[in-house]
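Chemist: Pasting a structure here, questions to come.
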């Protein structure tokens with residue numbers, strides 16, 4: 001199992017991307033929550049509200065999800081980070097296999 005982390009400008013965008021990811025059987029679940037972000041661009045410090053997405057999936061779906069986000073995201077260069085999960089409880093893992101195979 002892997003977790004994919006990305007952010008969106010608006011909650012409506014995050015929900016739309018999440019729905020399409022789930023409907024496409026690319027992941028079992030997408031968690032969405034509001035966050036604050038601070039970053040520097042072109043020498044200026046910015047503070048923005050964003051929406052974080054944590055996508056629960058399997059390794060074989062990562063590239064497809066990354067391509068989907070890159071194509072459908074409003075940011076010109078969205079961050080897509082992947083974290084390997086060392087261990088998952090058996091029941092969830094079995095359910096995940098049924099959903100995304």
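Residue numbers (UniProt numbering): 1 to 101.
Ideal placement from N, C-alpha and C gives every residue a C-beta, glycine not left out.
Predicted model only: the values in this text are computed from it and were never measured.
Is residue 61 buried or exposed, if buried means 16 or more other CB atoms sit within 10 Å of its CB?
Modeler: For the purposes of this step, residue 61 is taken as residue 61 along the chain shown, with counting starting at 1. When all chains shown are included, residue 61 counts as buried.
Chemist: Under 8 Å, with one C-beta from each stretch per pair, do the stretch 30-37 and the stretch 48-60 reach the 3-pair mark?
Modeler: Verdict: yes, contact present.
Chemist: Look up residue 37 in the DSSP assignment and give the residues it is bridged to.
Modeler: Along the chain shown, read from residue 1 onward, the residue named residue 37 stands at position 37. Paired residue(s): 48.
Chemist: For residue 7, count neighbouring C-beta atoms within 10 Å of its own C-beta (all shown protein chains included) and say buried if the count is 16 or more, exposed if not.
Modeler: If you number the chain shown from 1, residue 7 lands on position 7. So residue 7 counts as buried.
Chemist: May I ask you to report which of helix, strand or coil DSSP gives residue 28?
Modeler: As a working mapping, residue 28 is identified with position 28 in the chain shown. Residue 28: coil per DSSP, three-state reduction.
Chemist: What are the boundary residues of the alpha helix (DSSP H) that residue 71 is part of?
Modeler: As a position in the chain shown, residue 71 is number 71, starting the count at 1. That run of the alpha helix (DSSP H) goes 62-72.
Chemist: Pull up the distance between the alpha-carbon of residue 69 and that of residue 83, whole angstroms please.
Modeler: One-based indexing of the chain shown puts residue 69 at position 69. One-based indexing of the chain shown puts residue 83 at position 83. Distance between the alpha carbons of residue 69 and residue 83: 16 Å.
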